[in-house]
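Note that the protein sequences, when read in sequence, are chains C and U. Using our numbering, the first residue of the first sequence is number 1, and each one after it goes up by one. Using our numbering, the first residue of the second sequence is number 1001, and each one after it goes up by one. Heads up, the beta-carbon is just placed ideally off N, CA and C, and yes, glycines get one too.
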Amino acid sequence: MCLGVPMKIIEVNRELGMAKAEISGFIQNIRIDLLDEVSAGDYVIVHAGFAIQKLNEKDALETLKLIEEIFFDDEVSG
Amino acid sequence: MKYLDEFRDSERVKRLLKIINSIKLPERVRIMEVCGTHTMSIRRFGIHRLVEDRVELISGPGCPVCVTTVDYIDRAVMLSELDDVIITTFGDLVKVPGTRGSLSTSGGDVRVVYSPIESLKIAMDNQDRNVVFLAVGFETTVPGIALTVKEAMQQGVKNFYILEGNKIMPPPIRALLDDPEMEIDAFLLPGHVCTVSGYLQYEFIVREYGKVAVVSGFEPVDILLAILEILKMVRDGKRGIINMYPRAVKPHGNRKAMDLVYEIFQRADDTWRGLGLIPLSGLKLRNRSFSAEERFELPKMDSKEHPLCLCGEILKGKARPDQCRLFGTACTPDHPIGPCMVSSEGTCAAYYKFQEYLR
Ligand code: SF4
């Protein structure tokens, strides 16, 4: 039940606290009032109709970089 | 899809597995996951088996529907039997057996909603009846429920209530660590709970109990990466808490969401299936006029779990589904006897679905 789905924001209506969000061609209306700032193009995690957090691209890339470092260390030592 | 494909990539999975399985450890490390979505992911991708030489993965009390007590289900069923009540609920709860039947057999007006906010519309469309939303779920789910209650307040909706059953995750983890029979080396911390609440409040796992904790996402690469970090810490004799899901989890989580939660709710003692009463582990409404318990006087009933169901022990990590005599025979997802088989995130359902019992 804590399933959260990453979705891309297509269109924001701040007044209503709503946005249209998309995943794999499927578009859904979600609530964005739990977040401070959301704009079209952002990726968010959606749970039970609410965006609960923005996904941070920089941090995602950091994690992928860390994985590359782990692989590199493994090759050097292995 | 961005943020998904990279973390499902089979090449990365293979290499991480190779590294995990080359780590030298004196014995298998016992890691508990406390999130039903982790349980599902682990079973779906077969991760538990791919790392079984190094790690024993144990499912804990991470499925909100499963930890909901039979007493709660009985009260929900009783409410659904009242003529003037419409129950709105997440789908998972409908088939959970109470002492005498479930919501699906109560004959009441029970409506499955995807989001708690839909309950408000139902309330407004049915002014002559009362709508009761079954509020279960952890930190991930509570902000949406808090917002729903807040909107009901602001809009003066008078026929909307919730049956309070929301719970928070740190107290049961402490309860498990206090149990002398539990041997857990590390916790895989629940990514989407931490997305909302942050992970700083889990530091007690390290400071007070000397264990390891890693926040993890839900894709195979995320989970393997978290397992790898745990194994490295255990191997090196280190203790700590690490966030391996930084793209979604900040140290303090989503402050706006948590502030809203504590504007609407306050912590209270609560009972968990299997774990019993845990101090300050539940959330009760501050404004009692939205509480179904206040509004409807429900008679006390003698609630009983099925005597053979091991769900309570499974939620503590003390039993496995295949140790239950009913598993896969009398109890299946089509005919569930305990909640651990009902919820798609329940440990029994995950074992069953991914054919564990055929092994
Ligand atoms: S298999 Fe069914 S009866 Fe057995 S522990 Fe799981 S939910 Fe309970």
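Three-way DSSP call (helix, strand, coil) for residue i in this model
i	result
C1331/U	strand
S1119/U	helix
K1002/U	coil
V76/C	helix
I9/C	strand
K1150/U	helix
L1163/U	strand
F1204/U	helix
Y1352/U	helix
A60/C	helix
E22/C	strand
Q53/C	strand
A1175/U	helix
R1030/U	strand
R1012/U	helix
V1234/U	helix
I1023/U	coil
I67/C	helix
Q1323/U	helix
I1337/U	coil
V1157/U	coil
I1314/U	helix
V1342/U	helix
Nearest to residue i (by Cα), restricted to the options the options
i	options	result
K65/C	H1335/U, G1312/U, G1282/U and V1221/U	V1221/U
P6/C	E68/C, E22/C and E62/C	E22/C
L61/C	G1098/U, A1292/U and L1004/U	L1004/U
G1210/U	E1183/U, L1228/U and L1308/U	E1183/U
Q1201/U	S1216/U, I1230/U, I1241/U and M1233/U	I1241/U
K984/U	G1144/U, E1313/U and L1224/U	Outside the shown range of chain U, which is 1001 to 1359, sits residue 984/U, and nothing can be said about it.
A1076/U	A1186/U, V1131/U and V1212/U	V1131/U
D73/C	K1018/U, L1103/U, F1045/U and E1027/U	K1018/U
P1116/U	E1208/U, L1231/U and L1163/U	L1163/U
L1260/U	A1268/U, E1151/U and R1239/U	E1151/U
L94/C	I1173/U, R1015/U and L1147/U	Beyond the ends of chain C as shown, which are 1 and 78, falls residue 94/C; an answer cannot be given.
T1089/U	A1268/U, L1120/U, R1100/U and P1061/U	L1120/U
G1062/U	A1186/U, Q1127/U, S1291/U and G1317/U	G1317/U
K1014/U	C1324/U, A1175/U, V1051/U and P1339/U	V1051/U
F1160/U	V1070/U, D1084/U, D1269/U and E1056/U	D1084/U
G1060/U	E1345/U, I1020/U, G1253/U and M1153/U	E1345/U
R1030/U	P1339/U, L1177/U and F1265/U	L1177/U
E1305/U	P1299/U, E1313/U and L1298/U	E1313/U
V1094/U	F1296/U, G1338/U and D1269/U	G1338/U
C1309/U	S1291/U, R1295/U, C1340/U and S1281/U	C1340/U
R1295/U	I1230/U, Y1352/U, L1285/U and I1223/U	L1285/U
T1069/U	D1270/U, K1353/U and P1333/U	D1270/U
T1037/U	L1277/U, V1196/U, F1218/U and D1125/U	F1218/U
Residue i at chain U interface by Cβ criterion, 7 Å
i	result
F72/C	no
A60/C	yes
G41/C	no
I45/C	yes
N29/C	no
A48/C	yes
I52/C	yes
Short CB-CB distance (under 7 Å) between residue i and chain C
i	result
Y1262/U	no
Y1161/U	no
R1359/U	Per-residue confidence for R1359/U stands at a pLDDT of 44, beneath the threshold of 50, marking its modelled position as unreliable; the derived number appears in the next sentence. Cβ-Cβ to chain C under 7 Å: no for R1359/U.
S1115/U	yes
E1361/U	Nothing about residue 1361/U can be reported from this structure: the residues present for chain U run from 1001 to 1359 only.
P1143/U	yes
I1019/U	yes
R1247/U	yes
T1140/U	yes
K1232/U	no
R1015/U	yes
K1121/U	no
A1257/U	yes
N1254/U	yes
Y1003/U	yes
Proximity test, residue i beta-carbon vs the ligand PLP heavy atom, cut-off 6 Å
i	result
I1337/U	Looking at this structure, you won't find the ligand PLP anywhere; what it does contain is the ligand SF4.
Would you mind listing the alpha helix (DSSP H) stretches within the stretch 1242-1271 of chain U that are 4+ residues and don't spill past its ends, in chain order? 1255-1264
Quick one, which residues of the stretch 1186-1210 of chain U are near chain C if we go by CB-CB under 9 Å, in chain order? P1190, G1191, H1192, V1193, T1195 and V1196
Write down every uninterrupted run of the alpha helix (DSSP H) in the stretch 1271-1297 of chain U whose length is 4 residues or greater and which is fully enclosed by it, in chain order. 1292-1295
Residue ranges of each beta strand (DSSP E) run of no fewer than 3 residues wholly in the stretch 1032-1089 of chain U, ordered along the chain? 1055-1059 and 1085-1089
Output needed in chain order: residues of the stretch 1028-1051 of chain U with a Cβ under 7 Å from some Cβ in chain C. C1035, G1036 and T1037
Every unbroken alpha helix (DSSP H) within the stretch 1092-1145 of chain U, with a cutoff of 4 residues, ordered by chain: 1118-1125
Members of the stretch 1-25 of chain C near chain U, C-beta cut-off 8 Å: M1, C2, L3, G4, P6, K8, I23 and S24
Runs of 4 residues minimum, wholly inside the stretch 1185-1229 of chain U: which ones carry the alpha helix (DSSP H) assignment? 1191-1197 and 1204-1207
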